[in-house]
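Below: the structure, in structure tokens.
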Amino acid sequence: MESNVLQQVNRKVLVADGAMGTMLQKRGLPIGHCPEAWNLSRPDDVAAIHEAYFKAGSDLVETNTFGGNKFRLAHHGLTENVREINQKAAEIARAVCPQGKYVAGSVGPTGEFMEPIGSLTFDALVDVFHEQIEALCKGGVDLIIVETMMDVQEAAAGITAAKKVASSLPVFASMTFERVGDGYKTMMGCDILTMMDKLIPVGADVIGANCGKGMYDMLEIISELRKLTPHPLLAQSNAGIPEWDGEKNIYRETPQQRAISVQKLLQFDINVVGGCCGTTPEHIKTTRDVVDHYNSIRMGKESGK
Numbered sequence: 429m430e431s432n433v434l435q436q437v438n439r440k441v442l443v444a445d446g447a448m449g450t451m452l453q454k455r456g457l458p459i460g461h462c463p464e465a466w467n468l469s470r471p472d473d474v475a476a477i478h479e480a481y482f483k484a485g486s487d488l489v490e491t492n493t494f495g496g497n498k499f500r501l502a503h504h505g506l507t508e509n510v511r512e513i514n515q516k517a518a519e520i521a522r523a524v525c526p527q528g529k530y531v532a533g534s535v536g537p538t539g540e541f542m543e544p545i546g547s548l549t550f551d552a553l554v555d556v557f558h559e560q561i562e563a564l565c566k567g568g569v570d571l572i573i574v575e576t577m578m579d580v581q582e583a584a585a586g587i588t589a590a591k592k593v594a595s596s597l598p599v600f601a602s603m604t605f606e607r608v609g610d611g612y613k614t615m616m617g618c619d620i621l622t623m624m625d626k627l628i629p630v631g632a633d634v635i636g637a638n639c640g641k642g643m644y645d646m647l648e649i650i651s652e653l654r655k656l657t658p659h660p661l662l663a664q665s666n667a668g669i670p671e672w673d674g675e676k677n678i679y680r681e682t683p684q685q686r687a688i689s690v691q692k693l694l695q696f697d698i699n700v701v702g703g704c705c706g707t708t709p710e711h712i713k714t715t716r717d718v719v720d721h722y723n724s725i726r727m728g729k730e731s732g733k
């Protein structure tokens, strides 16, 4: 039986949320500190960010667990808190999620290298992600998003773990690409075709790209991906290229500029659109306005009106 969120994905364009990390920094999280620790120490701040995105029009928000695996948390002395942090994050988002909206469990890269470059095996990575995803599911997420991946095998491990934990749970997956010559590849050399060929067969219900250098690159990436597959696609780009002002990163893309880019993105039959680093509830609000207009026209045509 198809999940409700996948029914919605196939029926209309869904709007995801924007940045979590940069929003936490605006609330006082020092650069270099653990964002996921705030699920335990400052849950009200995390909840307020989710609420702001829902109010701006997000159909789904991602839990504050991008670095919630044991390898990333080990850098902050929190290896023993993996389950607590992830379950709490899901519960925070679930508590403020309006009826008819969704909570996505965010699963980011471990920061470790797989064989033959490193020592991690595929099965070991599946176990790492399994621990995190199991806690997210216990906290009440509606879907898993394996995101910002650069190694296609690591992305596949995350998807595999999600399907082991709950086979019926929808899984979205995104990788981060940059221009290399006349095409796009991840830092680990994965191109767009390889992502598609590797991730769909292991169970990714929606695939796409996130982060990166902004909407210009994202438009080219999604255009190329759409030529290759009718599979549901997602796009969550940064608000442009960050500029360091000596204290923090500044993102120059305005909400109005985002709206113009989203209009262009919709021509590629995108299914889920949101933001990544530097995007705010204001960016999501203008995205919502554009998507609502598009959905109303599209659904009107389908009903024959």
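Take the sequence shown: its position 176, counting from 1, is numbered 604 in our numbering, and each next residue is one higher.
Where a beta carbon is used, it is the ideal one built from N, C-alpha and C, also for glycine.
Nearest candidate by alpha-carbon position, reference residue i, set the options
i: Arg500; options: Met616, Gly728, Val593 and Phe541; result: Phe541
i: Met448; options: Ser689, Val474 and Ile620; result: Val474
i: Arg716; options: Thr549, Gln515, Leu442 and Ala590; result: Leu442
i: Ser745; options: Thr576, Val608 and Ile513; result: Because the chain spans 429 through 733 in this model, residue 745 falls outside it and cannot be assessed.
i: His461; options: Thr491, Leu506 and Glu490; result: Leu506
i: Val524; options: Glu490, Leu548, Pro544 and Asn497; result: Glu490
i: Ile725; options: Leu468, Asn432, Lys440 and Gln435; result: Lys440
i: Thr657; options: Gly674, Gly668 and Pro629; result: Pro629
i: Val593; options: Glu562, Ile572, Gly611 and Ile620; result: Glu562
i: Tyr679; options: Asn497, Cys639, Glu508 and Gln691; result: Cys639
i: Val615; options: Glu675, Leu647 and Gly539; result: Before going on, a small fix: residue 615 reads as Met here, not Val. Looking at the Cα atoms, Gly539 is the closest of the given residues.
Three-state secondary structure (DSSP) of residue i
i: Val821; result: No answer is possible for residue 821: the residues shown for the chain start at 429 and end at 733.
i: Cys639; result: strand
i: Tyr530; result: strand
i: Ile459; result: coil
i: Met429; result: Unreliable placement is indicated for Met429, whose pLDDT of 38 sits below 50; no coordinate value is reported for it.
i: Ile545; result: coil
i: Ile678; result: strand
i: Thr576; result: strand
i: Val718; result: helix
i: Ser595; result: coil
i: Leu452; result: helix
i: Phe550; result: helix
i: Phe482; result: helix
i: Met646; result: helix
Whole-angstrom C-beta distance between residue j and residue i, which should lie under 8 Å
i: Val531; j: Asp570; result: 5 Å
i: Thr622; j: Val580; result: 6 Å
i: Thr604; j: Ala637; result: 7 Å
i: Glu671; j: Gly706; result: Not a contact, Cβ separation roughly 10 Å.
i: Pro683; j: His711; result: 5 Å
i: Arg522; j: Gly568; result: 4 Å
Whether residue i touches residue j by CB criterion (8 Å)
i: Ala584; j: Lys613; result: no
i: Gly533; j: Ala518; result: yes
i: Phe494; j: Gly536; result: yes
i: Ile520; j: Pro471; result: yes
i: Gln515; j: Lys591; result: no
i: Met624; j: Ile635; result: yes
i: Trp466; j: Asn438; result: no
i: Val574; j: Val599; result: yes
Within-8 Å CB hit, residue i to chain C
i: Asp645; result: Protein chains in the displayed structure number just one, and chain C is not present.
Touch test, the stretch 658-672 against the stretch 691-708, Cβ-Cβ under 8 Å, three pairs minimum: yes
Would the stretch 586-603 and the stretch 549-566 be scored as touching if the rule is three or more Cβ pairs under 8 Å? yes
Does the stretch 641-654 come close enough to the stretch 686-696 to have 3 or more Cβ pairs within less than 8 Å? yes
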